[in-house]
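Position one of the sequence shown corresponds to residue 7 (this note's numbering), numbered consecutively onward. Glycine is no exception: its CB is placed at the ideal position from the N, C-alpha and C atoms.
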Amino acid sequence: MSSPEPRAAPVRSSAGRIRKFTGPPDLSTPQPIVTFKVGAGDKQESFAVHKNIVMSQSSFFAAAFQSNFLEGTTQIMDLDDVEPSIFGMVVHWLYFNKIDGGGHLLATTDKLVMRAKVWVLGRRFLMPQLQNYISSGLVSVCVVKIKKGDSEKAGLVEFCHYIYENHCIELQKLAVDCLIDDENRDGFTAIWKDLPTMMHFDLAIAMKSICLTNFAGERALPYHTEEYLVKEEME
7 MSSPEPRAAP
17 VRSSAGRIRK
27 FTGPPDLSTP
37 QPIVTFKVGA
47 GDKQESFAVH
57 KNIVMSQSSF
67 FAAAFQSNFL
77 EGTTQIMDLD
87 DVEPSIFGMV
97 VHWLYFNKID
107 GGGHLLATTD
117 KLVMRAKVWV
127 LGRRFLMPQL
137 QNYISSGLVS
147 VCVVKIKKGD
157 SEKAGLVEFC
167 HYIYENHCIE
177 LQKLAVDCLI
187 DDENRDGFTA
197 IWKDLPTMMH
207 FDLAIAMKSI
217 CLTNFAGERA
227 LPYHTEEYLV
237 KEEME
């Protein structure tokens with residue numbers, strides 16, 4: 007009987023930092039489990055996840071669960087400042103590279119802020135592919151909400167405040183581009199007074215750039231997709 011394929015081993019840099027796995031995790035044999043205790047008090051929930059899955063997608067988790075600190079010795083991580091429903095979406099993405107499994111985050115115009123919260127967790131846990139997955143679907147969702155104007159005003163305004171309060175630079179660029187698109191002018195007019203103050207500055211700069219581009223006889227592109235993505239290469 008042939009021996010099983012070896013699992014991909016974590017790669018260490020010269021500085022000793024643990025890098026992302028170089029290959030997919032092997033789940034054909036029993037694997038160790040790590041536990042995440044998410045939320046606080048009565049709202050805390052536990053998530054049991056295959057260790058190799060976690061470490062293959064996040065260098066943050068790889069470092070934590072292979073360290074000499076509490077997470078490394080107990081194989082348990084406490085995340086009392088994270089919402090269980092949001093972390094559940096991250097877990098679903100860990101296994102399926104998509105977020106549409108529990109009805110939490112479907113391809114609709116709802117839950118913009120939930121999408122942004124998942125993006126923020128992706129940044130915190132060094133999961134750029136998750137961040138880019140979220141970003142790649144946000145333009146169409148934002149445009150739909152903007153076009154609906156007053157009927158979708160509250161959710162869109164809440165989303166804009168959240169991404170500015172949490173310094174989500176790439177999502178800020180995305181939201182600004184959606185709002186200044188000529189095709190979305192009516193929806194923009196309906197909400198602009200309620201947008202974050204710093205967003206007003208970004209909108210003004212973006213509109214000035216478009217005017218200068220058009221004045222020079224060139225066509226200003228409404229969206230700059232590459233600016234909404236984060237670098238995926240691991241150090």
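C-alpha of L209 to C-alpha of K199: approximately 12 Å in a straight line.
By the criterion of at least three beta-carbon pairs nearer than 8 Å, the region 158–168 is not in contact with the region 131–139. Three or more Cβ pairs closer than 8 Å define a contact, and the region 70–79 falls short of that threshold against the region 94–105. Boundaries of the beta strand (DSSP E) around H56: E51 to H56. Taking the Cα of G161 as reference, the smallest distance to any Cα among L100, L180, A122 and E189 is reached at A122. Membership of V44 in the beta strand (DSSP E) is indicated by the continuous run I39 to V44.
Counting along the chain, the unbroken alpha helix (DSSP H) around L127 starts and ends at L118 to R130.
In the structure shown, D87 falls within a coil segment according to DSSP collapsed to helix, strand and coil.
In this structure, I197 places its C-beta atom within 8 Å of the C-beta atom of V163. When only Cα atoms are considered, M83 and V96 end up about 15 Å apart.
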